[in-house]
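All remarks here apply to the structure that follows.
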Amino acid sequence: MSLHINKTLIIGLGLIGGSLAKALRLNRQCGLVMGYDRDYEEAAKGLRNGVIDQAAESLVDAVAEADLIVLAVPVKAMERVLIDIAPFIKPDALLTDVGSTKANVVAAAQRVFQRLPSGFVPGHPIAGSEKSGVDAADAALFQQHKVILTPLAESSSGAVTVLTRMWQSTGAEVLLMEVEKHDEVLAATSHLPHILAFSLVDTLAQEQGKNTDIFRYAAGGFRDFTRIAGSDPTMWHDICLANKEALLGQLDLFSSGLTNLRQAIESGDSESMLGIFTRARAAREHFSRILSGTAYSQDMSNQQVTFRAQPGGSVQGKFRVPGDKSISHRSIMLGSLADGVTEVTGFLEGEDSLATLQAFRDMGVVIEGPVDGNVTIYGVGLHGLQAPPGPLYVGNSGTSMRLLSGLLAAQAFDTELTGDASLTKRPMGRVADPLRLMGAEIETAENGRPPLKIKGGKALQGIHYDMPMASAQVKSCLLLAGLYADGQTSVTEPAPTRDHTERMLSGFGYPVQQEGATAAVRSGGKLSATRIDVPADISSATFFMVAAAIAPGSDLTLEHVGINPTRIGVINILRLMGADLQLLNEREVGGEPVADIRIRYTPLKGIHIPEDQVPLAIDEFPALFIAAACAEGTTVVTGAEELRVKESDRIQSMVDGLQTLGIDIQGTPDGAIIQGGTLGGGVVESHDDHRIAMSFCVAALRATDTITINECANVATSFPAFVELAQQAGIKVEKEEG
Ligand code: NAP
211 MSLHINKTLI IGLGLIGGSL AKALRLNRQC GLVMGYDRDY EEAAKGLRNG
261 VIDQAAESLV DAVAEADLIV LAVPVKAMER VLIDIAPFIK PDALLTDVGS
311 TKANVVAAAQ RVFQRLPSGF VPGHPIAGSE KSGVDAADAA LFQQHKVILT
361 PLAESSSGAV TVLTRMWQST GAEVLLMEVE KHDEVLAATS HLPHILAFSL
411 VDTLAQEQGK NTDIFRYAAG GFRDFTRIAG SDPTMWHDIC LANKEALLGQ
461 LDLFSSGLTN LRQAIESGDS ESMLGIFTRA RAAREHFSRI LSGTAYSQDM
511 SNQQVTFRAQ PGGSVQGKFR VPGDKSISHR SIMLGSLADG VTEVTGFLEG
561 EDSLATLQAF RDMGVVIEGP VDGNVTIYGV GLHGLQAPPG PLYVGNSGTS
611 MRLLSGLLAA QAFDTELTGD ASLTKRPMGR VADPLRLMGA EIETAENGRP
661 PLKIKGGKAL QGIHYDMPMA SAQVKSCLLL AGLYADGQTS VTEPAPTRDH
711 TERMLSGFGY PVQQEGATAA VRSGGKLSAT RIDVPADISS ATFFMVAAAI
761 APGSDLTLEH VGINPTRIGV INILRLMGAD LQLLNEREVG GEPVADIRIR
811 YTPLKGIHIP EDQVPLAIDE FPALFIAAAC AEGTTVVTGA EELRVKESDR
861 IQSMVDGLQT LGIDIQGTPD GAIIQGGTLG GGVVESHDDH RIAMSFCVAA
911 LRATDTITIN ECANVATSFP AFVELAQQAG IKVEKEEG
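Residue numbers (the working numbering): 211 to 948.
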């Protein structure tokens with residue numbers, strides 16, 4: 211990359227100017243680096259310290275030679291410098307600055323030049339320190355920091371490109387922004403915190419005069435909060451004046467927030483205080499993750515994880531696997547809309563359910579936690595949600611977006627639902643269309659895709675809807691909208707789908723009529739807060755059920771597993787294969803049936819799996835293939851073509867893996883034919899499919915040699931503690947990361 215710059219001049223050789231000069235001098239992207247400072251001694255020092263190639267004595271001479279000029283003086287000095295240099299700038303030279311405010315620099319340039327030069331592109335590196343002067347110059351200062359360029363209408367695209375590359379060459383990430391937006395964003399995120407720190411320390415310093423002990427007891431919090439009060443006073447004085455309007459706006463906003471908090475403290479209003487603190491903590495965690503480039507939970511996608519499972523062993527014990535995702539989502543939604551405080555335990559702290567939780571926080575619901583799966587929701591009632599401060603971002607969660615759209619269509623305020631790149635490709639027309647029939651006003655992007663812009667203040671009408679395809683999400687979305695629609699809303703499904711929403715509505719005391727394939731609600735009711743112990747996910751429990759069913763000597767109890775009739779195919783199938791499986795302590799929690807499942811080893815036999823069980827066990831087939839490989843005789847799977855379009859082609863992944871381990875298995879378009887046999891060892895590919903990875907890990911219990919499973923990183927997102935639980939139960943598996 212060559213930027214075709216022979217000479218660069220940095221005016222103002224302090225912390226920022228010196229650091230930029232040093233970085234450019236080292237990477238050699240911008241030709242000879244000259245430095246000018248009003249104090250020549252600073253420039254001379256820069257030359258001695260290797261910060262610049264040449265110390266300029268005459269500003270005018272240096273300007274006349276430069277192809278690129280960077281103004282790195284205090285914002286207040288910019289206009290004076292521009293007046294001095296304007297007549298001497300080469301016609302095709304590029305000009306930029308590093309000032310912390312932009313509108314005033316642009317205004318100054320406007321006054322000096324009359325017509326702004328096309329080579330002028332203002333900029334601002336979001337990097338710095340409390341130090342100043344050329345001694346503090348650091349070539350690495352901008353690495354992995356952002357630099358904002360604010361191109362003007364007059365700026366040429368060539369100038370923007372070269373300046374972008376110049377900053378990129380220092381290791382910075384360059385963003386383009388409008389001048390006004392820049393000043394507003396910086397007022398909120400940089401200028402306001404600085405003046406708060408200055409003001410707090412000053413206020414306490416005056417107290418110190420009266421009470422000499424105050425600073426002596428200053429704890430870490432005070433030190434952290436006030437670190438930036440060590441910054442250069444003159445610079446901050448200049449910034450306050452230069453960005454006065456935007457800063458005053460932010461200061462007023464902050465003052466009113468502080469007044470609210472003061473009132474809450476004064477009147478002992480715990481709910482308001484907790485609201486402020488929990489929202490702030492969640493927001494802070496959220497932006498820390500944004501800063502570190504990860505999402506709500508830890509992102510493992512870039513990591514290579516391999517499972518190595520040693521052969522043999524049995525599983526024993528009594529434990530609980532993570533909570534059900536569908537129920538975790540709904541517990542937050544209905545808990546928020548209920549009257550009173552809902553306590554949730556066993557909440558699945560996965561990416562998707564956390565996105566739902568954040569959306570309700572954004573709509574003013576106070577939610578404490580999650581801490582170890584415990585969440586406390588201070589319900590606001592069906593009509594208590596508030597307009598969120600901005601678009602609701604639900605990450606990759608289709609459930610959040612589809613269910614929320616029904617609720618939001620009935621609110622008094624406008625909302626926008628957005629998601630990550632992959633969610634943005636998924637169709638939302640299937641919820642938007644029927645909601646429109648109810649009177650909702652929803653705008654989508656092309657082909658019904660997100661973002662969804664939902665207009666508030668619409669009176670919805672109850673409808674009857676015959677779903678063209680079976681979908682629990684569409685059904686739930688319409689029933690939630692039905693809580694607000696005039697009259698009755700009913701939905702008929704062409705095939706059975708999960709009924710968690712209907713059950714949980716009942717659990718919260720809201721009447722739901724269920725007649726055959728039709729579910730219906732009427733508006734006018736209310737939800738009453740309750741306790742929800744989220745059932746353990748039967749899909750996660752499946753791996754351990756199969757483990758106990760195939761490994762001689764096993765005796766395992768899985769506690770509090772959800773046994774919703776739409777999900778229990780795996781129990782029925784294992785029993786048909788002869789498994790010794792007991793449901794103990796059956797009970798109902800928040801409308802959902804749960805039980806402890808005890809399973810003891812007994813030899814399995816091959817069967818033709820009844821097709822009516824396939825939809826009730828669709829996610830459980832990878833593990834069931836392992837059970838079949840360990841059974842006596844032949845197992846036939848038919849009617850399961852959907853397995854070919856899951857996270858991987860699960861039929862092919864299992865056929866390949868089991869063949870590697872020496873099993874006689876044949877894939878068919880809609881299933882497989884599996885001969886029970888002896889499992890050997892080998893290396894199998896999970897194709898980034900968490901259920902394939904966990905299934906082969908379980909297979910090792912009956913293998914004669916080590917099984918190595920590649921691409922297991924995704925297990926962490928669906929079942930974070932899988933390896934630890936498997937080890938605890940008796941499976942000899944190790945995780946290797948690299
Ligand atoms: P600094 O370390 O004090 O450096 C500024 C330098 O410019 C000093 O050497 C100063 O000389 C010199 N100078 C002042 N007026 C001049 C003039 N008329 N002609 C030539 N040189 C002049 O300050 P800095 O932190 O680098 O800040 C420079 C710019 O960067 C400011 O616009 C600031 O808003 C921006 N900025 C700062 C930070 C940060 O964290 N520090 C971050 C991003 C952007 P004297 O010492 O003699 O005054």
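Glycine is no exception: its CB is placed at the ideal position from the N, C-alpha and C atoms.
- Per DSSP, the beta-bridge partners of ASP806 are LEU794.
- Taking the Cβ atoms as the reference, GLU626 lies roughly 10 Å from LYS665, outside the contact range of under 8 Å.
- By the CB criterion at 8 Å, GLY887 and SER524 fall outside the cutoff.
- Taken from the Cβ of ASP696, every heavy atom of the ligand NAP lies 7 Å or farther away.
- Beta-bridge partners of MET244 (DSSP): LEU219, GLN264.
- For LEU305, the enclosing beta strand (DSSP E) stretches over residues 304–307.
- In the pairwise beta carbon analysis, the region 732–748 is classified as touching the region 554–567: at least three pairs are separated by under 8 Å.
- Setting aside the 5 residues that flank it on each side, MET864 is surrounded in the same chain by PRO832, PHE835, each with a C-beta closer than 6 Å to its C-beta; the list follows chain order.
- In the structure shown, THR374 adopts helical secondary structure according to DSSP, grouped into three states.
- In the DSSP assignment, no residue is bridged to GLN353.
- Judged by DSSP in its simplified three-state form, GLU455 adopts helix.
- Contact between GLY608 and GLN683 holds, since their C-beta atoms are separated by about 7 Å, short of 8 Å.
- Note that the C-beta distance between ARG810 and ASP880 is not below 8 Å.
- Annotated three-state conformation of THR628 is strand, per DSSP.
- A direct Cα-to-Cα measurement between VAL846 and GLY816 gives close to 8 Å.
- In the same chain as GLU481, and ignoring 5 residues on each side of it, the C-beta atoms closer than 8 Å to its own belong to VAL576, TYR588, in chain order.
- One Cα belongs to THR844, the other to GLY948, and the distance between them is close to 39 Å.
- For the set LYS945, LEU911, VAL551, the Cα lying nearest the Cα of PRO930 is the one of LYS945.
- Take the alpha-carbon of LEU688 and the one of LEU645: they are about 7 Å apart.
- Between the C-alpha atoms of GLY227 and ALA254 there is a straight-line separation of about 14 Å.
- One alpha carbon belongs to ASP412, the other to ILE449, and they sit about 18 Å apart.
- Annotation note: the region 514–602 contains the following uninterrupted alpha helix (DSSP H) runs of length 4 or greater, listed N- to C-terminal: 535–547, 561–572.
- When distances are taken from the beta-carbon of GLY224 to the heavy atoms of the ligand NAP, the shortest one is below 7 Å.
- Cβ-Cβ distances below 7 Å link VAL804 to PRO745, HIS770, VAL771, GLY772, ILE773, ARG797 in the same chain, with the five nearest sequence neighbours on each side left out; the list follows chain order.
- Taken in chain order, the complete beta strand (DSSP E) segments of 3 or more residues contained in the region 635–682 are 652–655, 659–664, 674–676.
- Within the same chain, LEU219, ILE279, ILE295, PHE298, ILE299 come within 7 Å of VAL273 by CB-CB distance, once the 5 residues on both sides are set aside.
- Burial check for PRO532: the Cβ neighbour count within 10 Å reaches 16 or more, so the residue is buried.
- The beta-bridge partner set that DSSP reports for GLN724 consists of ALA729.
- Looking only at ILE293, PRO637, PHE623, VAL731, the smallest Cα-Cα distance to GLY719 is reached by VAL731.
- Look at GLU947 here: in three-state DSSP terms it is strand.
- Short of 6 Å from the beta carbon of ALA382, and not among the five residues preceding or following it, lie these beta carbons of its own chain, in chain order: PHE352, HIS355, VAL357.
- The beta carbon of ARG530 sits closer than 6 Å to those of ALA746, GLU769, HIS770, all from its chain and outside the five residues before and after it, given in chain order.
- For VAL243, same chain residues with a beta-carbon under 6 Å away, outside a window of 5 residues either side, are THR218, ALA231, LEU234, ARG235, ILE262, ASP263 in chain order.
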